[in-house]
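Enquirer: Just dropping this structure here.
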């Protein structure tokens, strides 16, 4: 018998992994975007697990919209990445210092 | 141990293992492929949660479209490995501390003794996830669905206009600033044309 906490611990592990990935891959912008995708996957797994264990379909509706927004975000993020590479010939995060923030 | 549990732990370890290989891999192409594997395995986990439609959407949309886009971009940029090196070892101790703290807190919170909600509603064999999802999505959530469609259109327009190369000399197109700077004086010239003398009729 699988419990709700099994799924929650799985998604917690996935979320933590992606946070770690963001911390250690600070120089590769593509890998940062991929880590964000992994993070969204963990969140969606949480939503679906709660939706299943509470018998409420609204959680799955929410996941549907999260998937839509994440697809749009990935497309625009990659387009920005291409423009950035065309202008700077690099996607290292520490070279993105022209705003002097 | 029940068969269901064996399948769950198989796919869960596949998700976590491929996620770990993704973040520790030095080659962006390998990372993208490990992320694809993580998506496949978590689609299987979602199938076990009776979310068949979303599991298939995850495979079709994510593996089929988004990850293909990622792979295209990774291969198009032809990054040198030297450009991506550095910073890994510097941040690794900090990253391991973050990993330990986060996973410790989350696992403690999510232990079965702390989660009271553990009752599953058993559905019959005729239960259709797609029918249940669609009957809510197109009635109660119809406006958010329309908004999501508009959002995708905006994303298409934004991505194309961002990544589209500026046109070369051979392509004809408008130059909006020149069009706006044009005045009547340099476009239209009124000339006096000598008229022929009127023919007198006898």
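Protein chains in written order, with this note's numbering: chain G, 1027 to 1127; chain Y, 1046 to 1247. Where a beta carbon is used, it is the ideal one built from N, C-alpha and C, also for glycine.
In whole angstroms, give me the CA-to-CA distance for residue 1099 (chain Y) and residue 1137 (chain Y).
Expert: As a working mapping, residue 1099 (chain Y) is identified with position 54 in the second chain. As a working mapping, residue 1137 (chain Y) is identified with position 92 in the second chain. Computed Cα separation, rounded: 35 Å.
Enquirer: For the region 1104 to 1115 of chain G, list every residue whose C-beta sits within 8 Å of some C-beta in chain Y, in sequence order.
Expert: Answer in chain order: 1104, 1105, 1106, 1107, 1108, 1109, 1111.
Enquirer: Taking the straight line between their C-alpha atoms, what separation do you get for residue 1097 (chain G) and residue 1048 (chain G)?
Expert: The sequence position of residue 1097 (chain G) within the first chain is 71, counting from 1. The sequence position of residue 1048 (chain G) within the first chain is 22, counting from 1. Cα to Cα, the separation comes out at about 19 Å.
Enquirer: Can you name, in chain order, every residue of its own chain whose Cβ lies under 6 Å from the Cβ of residue 1207 (chain Y), other than the five neighbours on each side?
Expert: By 1-based counting over the second chain, the position of residue 1207 (chain Y) is 162. Contacts found: none.
Enquirer: Pairs of beta-carbons, one from the region 1035 to 1048 of chain G and one from the region 1081 to 1099 of chain G, closer than 8 Å: are there three or more?
Expert: Touching, no, given that fewer than three Cβ pairs across the two stretches are closer than 8 Å.
Enquirer: Near residue 1108 (chain Y), what residues of its chain come up, given a Cβ to Cβ distance below 6 Å and the 5 sequence neighbours on each side ignored?
Expert: Along the second chain, read from residue 1 onward, the residue named residue 1108 (chain Y) stands at position 63. Excluding positions up to five away in sequence, the list reads 1081, 1084.
Enquirer: Where does residue 1073 (chain Y) land, buried or exposed, given buried means 16+ other C-beta within 10 angstroms?
Expert: Indexing the second chain from 1 puts residue 1073 (chain Y) at position 28. The residue in question, residue 1073 (chain Y), is buried, as its Cβ has 16 or more Cβ neighbours within 10 Å.
Enquirer: How is residue 1063 (chain G) classed by DSSP in three states: helix, strand or coil?
Expert: Locating residue 1063 (chain G) in the first chain gives position 37, where the first residue counts as 1. Residue 1063 (chain G) falls in the helix class under three-state DSSP.
Enquirer: Check the Cβ-Cβ distances between residue 1071 (chain G) and every residue of chain Y, and say whether any is below 8 Å.
Expert: One-based indexing of the first chain puts residue 1071 (chain G) at position 45. Chain Y contact via Cβ: present.
Enquirer: I need the straight-line Cα distance from residue 1174 (chain Y) to residue 1095 (chain Y), nearest angstrom please.
Expert: For the purposes of this step, residue 1174 (chain Y) is taken as residue 129 along the second chain, with counting starting at 1. For the purposes of this step, residue 1095 (chain Y) is taken as residue 50 along the second chain, with counting starting at 1. Each residue's alpha carbon lies about 7 Å from the other.
Enquirer: Quick one: residues in its chain with C-beta nearer than 7 Å to the C-beta of residue 1151 (chain Y), no 5 flanking neighbours on either side, listed in chain order?
Expert: If you number the second chain from 1, residue 1151 (chain Y) lands on position 106. Cβ within range, chain order: n/a, list empty.
Enquirer: For residue 1112 (chain G), which of helix, strand or coil comes out of DSSP?
Expert: Here residue 1112 (chain G) refers to the residue found at position 86 when the first chain is read from its first residue. Three-state DSSP puts residue 1112 (chain G) in a helix.
Enquirer: Is it right to say residue 1188 (chain Y) is buried, meaning 16 or more other beta carbons lie within 10 angstroms of its own, or is it exposed?
Expert: Stepping through the second chain from its first residue, residue 1188 (chain Y) is reached at position 143. Exposed, by the Cβ-count rule.
Enquirer: Listing by chain order, which chain Y residues have their CB less than 7 Å from the CB of residue 1046 (chain G)?
Expert: Taking the first chain and counting its residues from 1, the one referred to as residue 1046 (chain G) is at position 20. 1068, 1140, 1143, 1144, listed in chain order.
Enquirer: Rounding to the nearest angstrom, what Cα-Cα distance links residue 1032 (chain G) and residue 1167 (chain Y) in this structure?
Expert: As a working note, residue 1032 (chain G) is residue 6 in the first chain. As a working note, residue 1167 (chain Y) is residue 122 in the second chain. About 18 Å.
Enquirer: Are the CB atoms of residue 1060 (chain Y) and residue 1036 (chain G) within a distance shorter than 8 Å?
Expert: Taking the first chain and counting its residues from 1, the one referred to as residue 1036 (chain G) is at position 10. Taking the second chain and counting its residues from 1, the one referred to as residue 1060 (chain Y) is at position 15. Taking 8 Å as the Cβ cut-off, residue 1036 (chain G) and residue 1060 (chain Y) qualify as a contacting pair.
Enquirer: Starting from the beta carbon of residue 1123 (chain G), find every residue of chain Y whose beta carbon is closer than 8 Å, and list them in chain order.
Expert: The residue given as residue 1123 (chain G) occupies position 97 in the first chain. Under the 8 Å cutoff, chain Y gives no residues; its nearest Cβ is about 15 Å from residue 1123 (chain G).
Enquirer: Name the chain Y residues whose beta carbon is nearer than 7 Å to that of residue 1060 (chain G)?
Expert: The residue labelled residue 1060 (chain G) in the question sits at position 34 within the first chain. Within 7 Å Cβ-Cβ: 1067, 1076, 1077, 1080, 1115.
Enquirer: Would you call residue 1117 (chain Y) buried or exposed, if buried means 16 or more other Cβ atoms sit within 10 Å of its Cβ?
Expert: One-based indexing of the second chain puts residue 1117 (chain Y) at position 72. When all chains shown are included, residue 1117 (chain Y) counts as exposed.
Enquirer: Indicate whether residue 1089 (chain G) and residue 1070 (chain G) have their beta-carbon atoms separated by less than 8 Å.
Expert: In the first chain, counting from the first residue as 1, residue 1089 (chain G) sits at position 63. In the first chain, counting from the first residue as 1, residue 1070 (chain G) sits at position 44. A contact, by the Cβ cut-off of 8 Å.
Enquirer: Residue 1102 (chain G) and residue 1110 (chain Y) - do their beta-carbons sit closer together than 8 Å?
Expert: Within the second chain, residue 1110 (chain Y) is the residue found at index 65, counting from 1. Within the first chain, residue 1102 (chain G) is the residue found at index 76, counting from 1. Cβ distance not < 8 Å, so residue 1110 (chain Y) and residue 1102 (chain G) don't count as in contact.
Enquirer: Give the list of continuous alpha helix (DSSP H) stretches no shorter than 4 residues that lie fully inside the region 1131 to 1182 of chain Y.
Expert: Taking only runs of at least 4 residues, the alpha helix (DSSP H) segments lying wholly in the region 1131 to 1182 of chain Y are 1133 to 1154, 1174 to 1182.
Enquirer: For the pair the region 1062 to 1070 of chain Y and the region 1113 to 1121 of chain G, tell me if three or more CB-CB distances fall below 8 Å.
Expert: The region 1062 to 1070 of chain Y is not in contact with the region 1113 to 1121 of chain G.
Enquirer: Would you mind stating whether residue 1041 (chain G) and residue 1068 (chain G) have Cβ atoms separated by less than 8 Å?
Expert: On the first chain, residue 1041 (chain G) is found 15 positions in, with the first residue counted as 1. On the first chain, residue 1068 (chain G) is found 42 positions in, with the first residue counted as 1. Yes, the Cβ-Cβ distance between residue 1041 (chain G) and residue 1068 (chain G) is below 8 Å.
Enquirer: Can residue 1077 (chain Y) and residue 1112 (chain Y) be called in contact, C-beta distance under 8 Å?
Expert: Indexing the second chain from 1 puts residue 1077 (chain Y) at position 32. Indexing the second chain from 1 puts residue 1112 (chain Y) at position 67. Yes, they are a contact pair.
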